[in-house]
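My numbering numbers the first residue of the sequence shown as 60 and each following residue consecutively.
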Amino acid sequence: MTENFVVAETVSGLLEAEIIRGMLEAQEIEVVLSHEAATTIYGFGVGRLARVEILVPEEVLGEAQQCLEDYRSGRLVDEIEDEDQG
């Protein structure tokens, strides 16, 4: 079966994309990053070169978007801290 990947989010910069990839993969969501090769070769990106698309399988897009919303609002961090304390 070939999975159909769709864009869950577009961010500015590979560092932020890698952080989000780690968060989604911790939730067992497969992630592929799509970005300009020049960003990797030269180690920096400006404008359109800095854009990184975060792609996930279409069937888990809703779950990925909910994780991203929780991450952006701080809810995901609170849940992790509560688990560590309990």
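Glycine is no exception: its CB is placed at the ideal position from the N, C-alpha and C atoms.
Residue i (DSSP reduced to helix, strand or coil)
i	result
residue 90	coil
residue 81	helix
residue 121	helix
Residues bridged to residue i (per DSSP)
i	result
residue 71	110
residue 115	65
Test: residue i CB closer than 8 Å to a CB of chain B
i	result
residue 94	Looking for chain B here will not work: only one protein chain is present.
Residue from the options whose Cα sits closest to the Cα of residue i
i	options	result
residue 186	86, 62 and 79	Limits of the chain in this structure are 60 at one end and 145 at the other, which puts residue 186 out of reach.
residue 74	85, 94 and 62	94
residue 63	110, 82, 120 and 83	120
residue 88	117, 111 and 109	117
residue 125	82, 111, 112 and 72	82
residue 72	129, 112 and 86	112
Cβ neighbour criterion (16 or more within 10 Å) applied to residue i
i	result
residue 70	buried
residue 67	buried
residue 123	buried
residue 133	exposed
residue 76	buried
Sub-8 Å separation of residue i and residue j beta-carbons
i	j	result
residue 127	residue 65	no
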